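Following: one structure in structure tokens, then a few remarks.
Protein chains: 2
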Amino acid sequence: MKQAKAFAPASVGNVAVGFDVLGQALDGPGDTATVTLMSSGVVVVKAIRGCPHALPLEAAANTAGRALQSLLAHAPEGAGFEVELDKGIALGSGMGGSAASAVAALVAGNALLPTPVSLSVLYQAAMDGEAAASGSRHGDNVAPSLLGGLVIAPAEGEPVRVPVPSWLFVALVHPHAVLETKRARAALAGSYALSEFVHQSERLAVFLAGCHAADAALLRRGLEDVLVEPRRAPLIPGFAEVKAAALRAGALGASISGAGPSVFAWCEGRAQAQAAADAMVAAFGAAGLKADAFVSVGAAPGARVVAR
Amino acid sequence: MKQAKAFAPASVGNVAVGFDVLGQALDGPGDTATVTLMSSGVVVVKAIRGCPHALPLEAAANTAGRALQSLLAHAPEGAGFEVELDKGIALGSGMGGSAASAVAALVAGNALLPTPVSLSVLYQAAMDGEAAASGSRHGDNVAPSLLGGLVIAPAEGEPVRVPVPSWLFVALVHPHAVLETKRARAALAGSYALSEFVHQSERLAVFLAGCHAADAALLRRGLEDVLVEPRRAPLIPGFAEVKAAALRAGALGASISGAGPSVFAWCEGRAQAQAAADAMVAAFGAAGLKADAFVSVGAAPGARVVAR
């Protein structure tokens, strides 16, 4: 029986200035998928563990199941997959849990193929899985979960890595509240002024220049979401205070992770990131929410096979 | 009599993916300003040469005059400036002529001050001048004209340089038709969908990654304006054919320079840029427009004092 187990990390989608375009892997939390190669010709989601809420077991409706269905198109005739998921990322947390499940399943499944597929094929298959879970095809969580680090996630073509400073650490705080991606997306409905795009793309450009130059002052100028954050912040209790707490602790910038409600901060060094995480947890506490904190290196590793 | 003469280059505003945010200097065309330090306490625009259309001589309404008025706030009590402009950039061409006049005047004027002001102050003063000419405060022409090369032009704070590949050349073709900035801006009225911004910012991010990595394939993927170009292209006779001609000649990408009607193309090497320029001139010719062509290095020098 050919079997492989893979781990895929959680990730920060959007990274403030790159809505649906940028994503960053986190070192620590993640999902694990155990995939068995079958001769059934189909994908079966056998079990999902570590998840208090019910996730769909029907393959086409499950993020990992749907992703493996796309991979099956590149497998030998008659091949099938059976997948078991161990969720390490809370649902609706804004930490890229659906993407991590899809990526972990794909990396494990790919390791079982006689001819593994390219990164491009895995990326597109992972976006198929993401669409099954969130209703929209976007790569800003699957790309970093797959590659690690900070990544540009285009709709077409391969993801593009962006260097981050060696001193960069990320603080992420997950409040115990669920914000459904669909509700977070609904907050973005309506039309936008061109001037909003100009302000946001100016920050995106300065932010990317700061990443390439490892320049903290540029990152401080660039790491600010003027487009999406103002529309979503009201959905997260205490957000303004949580963000302010991170900045007071010295963070270069802080914003909503993915669709929220988790909040992340970019920091100079591990100690500052820990201080920002503590301050954000305290601020969520003052708003009546318990919260978990994670501190990660900026260039966290991507998905990998952990057993076979 | 203290006098200085400065040259400031023409520039490509927007550079396809950075509307009001990115700009690139061109080597060759530009404006020259001769500034004399006076004890009048005011700015006088004495003469404008090389310009078939009448430009305002009233200082506050003239791009160079208005910029020098802002510089005067940093000059010793009672100081004044007299400025003469030699225009080398056609009006309404989309080559950043108003910005070049403002920048040339400022660089000359600054050279006459006992304590020259910082780049930041010059940049803000140049945007004041730009606003007098175009009705909107934007730095995507003044920043590259001042600094040279490819530049991020933020509304606040200093411009940020972006490296370009050493093999990069720019072809710019100026058809003999005037497109007023105000009319070009009117084409952008109305509201925008968030998805349009996602597509454009994805290209901006890939483009900047390509600049930093000197990666022609990334530049080819990124250098495409899906936001502004579709709305302005109908104002430029033959635009679709001109752009297609540049791409057929091998260009990495081509789009409208600033508010148009000039069209630019990014190319690998001088020979390809010359071929793209020739092809674009021929395509404008087929649309009934005579056109001038310029070929420039990607990292063209910025404004400088040429005599004092």
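Line by line, the protein sequences give chains H and U. The first sequence begins at 1 in the numbering used here and counts up by one. The second sequence begins at 1001 in the numbering used here and counts up by one. Idealized CB from N, CA, C, for every residue including glycine. Here the structure is a predicted model, which is why all the values come from computation and not from measurement.
Exercise. Does H:D278 have its Cβ less than 9 Å from a Cβ in chain U?
Worked result: By one-based count along the first sequence, residue 278 of chain H stands at place 278. Closer than 9 Å to the CB of H:D278 there is not a single CB belonging to chain U.
Exercise. Counting contacts by CB-CB distance shorter than 9 Å, is U:Q1200 in contact with chain H?
Worked result: Taking the first residue of the second sequence as 1, we reach residue 1200 of chain U at position 200. Output row for U:Q1200: interface = yes.
Problem set entry | Residue closest to H:L289, alpha-carbon to alpha-carbon, out of H:G238, H:C267, H:Q274, H:V263 | Along the first sequence, one-based indexing puts residue 289 of chain H at 289. If we check each option's Cα against that of H:L289, H:G238 comes out closest.
Exercise. Within 9 Å (strictly less), CB to CB, does H:L208 reach chain U?
Worked result: Translated into positions along the first sequence, residue 208 of chain H becomes position 208. Yes, contact with chain U.
Exercise. To the nearest angstrom, how far is it from the Cα of U:G1148 to the Cα of U:A1216?
Worked result: The residue given as residue 1148 of chain U occupies position 148 in the second sequence. The residue given as residue 1216 of chain U occupies position 216 in the second sequence. Rounded to whole angstroms, U:G1148 to U:A1216 spans 21 Å at the Cα level.
Exercise. Is U:V1012 near U:H1074, with beta carbons less than 9 Å apart?
Worked result: Translated into the one-based positions of the second sequence, residue 1012 of chain U becomes position 12. Translated into the one-based positions of the second sequence, residue 1074 of chain U becomes position 74. Cβ distance not < 9 Å, so U:V1012 and U:H1074 don't count as in contact.
Problem set entry | Short CB-CB distance (under 9 Å) between H:V162 and chain U | Residue mapping note: residue 162 of chain H aligns to position 162 of the first sequence, counting from 1. H:V162 belongs to the set of residues whose beta carbon lies under 9 Å from a beta carbon in chain U.
Problem set entry | Residue-level contact to chain H via CB, U:A1099, 9 Å cutoff | Here residue 1099 of chain U refers to the residue found at position 99 when the second sequence is read from its first residue. So no, U:A1099 is outside the interface.
Exercise. Of all the options H:P230, H:P165, H:T181, H:V103, which has the alpha carbon lying nearest to the alpha carbon of H:S70?
Worked result: On the first sequence, residue 70 of chain H is found 70 positions in, with the first residue counted as 1. Cα-wise, what sits closest to H:S70 is H:V103.
For this session: Return yes when the Cβ of U:A1016 is within less than 9 Å of the Cβ of U:I1256, no when it is not.
Result: Numbered from its first residue, the second sequence carries residue 1256 of chain U at position 256. Numbered from its first residue, the second sequence carries residue 1016 of chain U at position 16. Their beta carbons are under 9 Å apart, which means U:I1256 touches U:A1016 by this criterion.
Exercise. With a cut-off of 9 Å, does the C-beta of H:D225 fall near any C-beta of chain U?
Worked result: Here residue 225 of chain H refers to the residue found at position 225 when the first sequence is read from its first residue. Judged by the 9 Å Cβ criterion, H:D225 is not in contact with chain U.
For this session: Could you list which residues in chain U have their beta carbon closer than 9 Å to that of H:A155, in chain order?
Result: Here residue 155 of chain H refers to the residue found at position 155 when the first sequence is read from its first residue. Within 9 Å Cβ-Cβ: V1198, H1199, E1202.
Exercise. So, helix, strand or coil for U:K1005, using DSSP?
Worked result: Working through the second sequence from its first residue, we reach residue 1005 of chain U at position 5. U:K1005 falls in the strand class under three-state DSSP.
Exercise. If you measure from the beta carbon of H:S191 to each beta carbon in chain U, is any gap under 9 Å?
Worked result: To locate residue 191 of chain H, count along the first sequence from 1; it is residue 191. Chain U, which has a Cβ nearer than 9 Å to the Cβ of H:S191, makes this yes.
Exercise. Should U:R1221 be flagged as near chain H, meaning a C-beta pair shorter than 9 Å?
Worked result: Position 221 of the second sequence, counted from the start, is the residue given in the question as residue 1221 of chain U. For U:R1221, the answer is yes, since a Cβ of chain H falls inside 9 Å of its Cβ.
Exercise. Apart from the five residues just before and just after U:H1212, which ones in its own chain have a Cβ nearer than 8 Å to its Cβ?
Worked result: Sequence index remark: in the second sequence, residue 1212 of chain U carries index 212 (1-based). Residues V1162, P1163 of the same chain have their beta carbon placed closer than 8 Å to that of U:H1212, with the five preceding and five following residues left out of the count.
For this session: Starting from U:H1174, trace the beta strand (DSSP E) both ways and give me its first and last residue.
Result: Taking the second sequence and counting its residues from 1, the one referred to as residue 1174 of chain U is at position 174. Start and end: 1168-1175.
Exercise. What is the DSSP secondary structure of H:S136, counted as helix, strand or coil?
Worked result: Your numbering for residue 136 of chain H matches position 136 in the first sequence. Reduced to three states, the DSSP call for H:S136 is coil.
Problem set entry | Where H:L218 meets chain U, residues with beta-carbon distance less than 7 Å | Counting from one through the first sequence, the residue named residue 218 of chain H turns up at place 218. Correct list: V1160.
Exercise. According to DSSP, is U:C1211 helix, strand or coil?
Worked result: What you label residue 1211 of chain U is simply residue 211 of the second sequence in a count that begins at 1. It is helical.
Problem set entry | U:A1143 versus H:V178 - alpha carbon distance | The residue labelled residue 1143 of chain U in the question sits at position 143 within the second sequence. The residue labelled residue 178 of chain H in the question sits at position 178 within the first sequence. Rounded to the nearest angstrom, the two C-alpha atoms are 45 Å apart.
For this session: Could you name the residues of the segment 11-26 of chain H whose beta carbon sits closer than 9 Å to any beta carbon of chain U, in the order they occur along the chain?
Result: Those would be V17, G18, F19, D20, V21, L22, in chain order.
Exercise. Mind checking if U:I1152 is an interface residue toward chain H, Cβ cutoff 9 Å exclusive?
Worked result: Position 152 of the second sequence holds residue 1152 of chain U. So, interface residue.
Problem set entry | Nonlocal neighbours in the same chain, by C-beta distance under 8 Å from U:A1060, ignoring five residues either side | As a position in the second sequence, residue 1060 of chain U is number 60, starting the count at 1. Result list for U:A1060: R1066, Q1069, A1132, in chain order.
Exercise. Are the beta-carbon atoms belonging to U:A1184 and U:A1259 less than 9 Å from one another?
Worked result: For the purposes of this step, residue 1184 of chain U is identified with residue 184 of the second sequence, where counting begins at 1. For the purposes of this step, residue 1259 of chain U is identified with residue 259 of the second sequence, where counting begins at 1. It is a contact, given that the beta carbons lie within the stated cut-off.
For this session: May I ask you to verify whether the segment 1285-1299 of chain U touches the segment 1020-1034 of chain U, counting CB pairs closer than 8 Å and requiring at least 3?
Result: yes
Exercise. Would you say U:E1241 and U:A1283 are within 9 Å of each other, going by their C-beta atoms?
Worked result: Position 241 of the second sequence holds residue 1241 of chain U. Position 283 of the second sequence holds residue 1283 of chain U. Pairing U:E1241 with U:A1283 gives a Cβ-Cβ distance under 9 Å.
Problem set entry | Cβ neighbour criterion (16 or more within 10 Å) applied to U:G1030 | Taking the first residue of the second sequence as position 1, residue 1030 of chain U is located at position 30. U:G1030 comes out buried.
For this session: Quick one: list the residues of chain H neighbouring U:H1053, beta-carbon separation under 9 Å, in chain order.
Result: Translated into the one-based positions of the second sequence, residue 1053 of chain U becomes position 53. Residues of chain H with a Cβ closer than 9 Å to the Cβ of U:H1053 do not exist; the shortest Cβ-Cβ separation is about 28 Å.
Exercise. Rounded to whole angstroms, how far is the Cβ of H:F19 from the Cβ of U:V1198, which I believe are closer than 8 Å?
Worked result: As a first step, residue 19 of chain H is located in the first sequence; it is residue number 19 there, counting from the start. As a first step, residue 1198 of chain U is located in the second sequence; it is residue number 198 there, counting from the start. Confirmed, Cβ separation roughly 6 Å.
Problem set entry | Within-9 Å CB hit, H:H212 to chain U | Position 212 of the first sequence, counted from the first residue, corresponds to residue 212 of chain H. By this cut-off, H:H212 is an interface position.
For this session: Going by DSSP, name the residue or residues bridged to H:P301.
Result: The residue you call residue 301 of chain H lines up with position 301 of the first sequence. DSSP lists H:G148 as partners of H:P301.
Exercise. Comparing the C-beta of H:A205 with each C-beta of chain U, is any distance below 9 Å?
Worked result: Residue 205 of chain H sits at position 205 when you count from the first residue of the first sequence. Yes, its Cβ sits closer than 9 Å to a Cβ of chain U.
Exercise. By how many angstroms is the C-alpha of H:S98 removed from the C-alpha of H:G135?
Worked result: On the first sequence, residue 135 of chain H is found 135 positions in, with the first residue counted as 1. On the first sequence, residue 98 of chain H is found 98 positions in, with the first residue counted as 1. Our two residues, H:G135 and H:S98, have alpha carbons roughly 11 Å apart in a direct line.
Problem set entry | DSSP three-state assignment for U:R1161, whether helix, strand or coil | In the second sequence, residue 1161 of chain U corresponds to position 161, counting from 1. The answer is strand: DSSP assigns U:R1161 an E or B state.
Exercise. Is H:V228 near the ligand MN, going by C-beta to nearest heavy atom under 8 Å?
Worked result: The model on display carries no ligand, and the ligand MN is accordingly not part of it.
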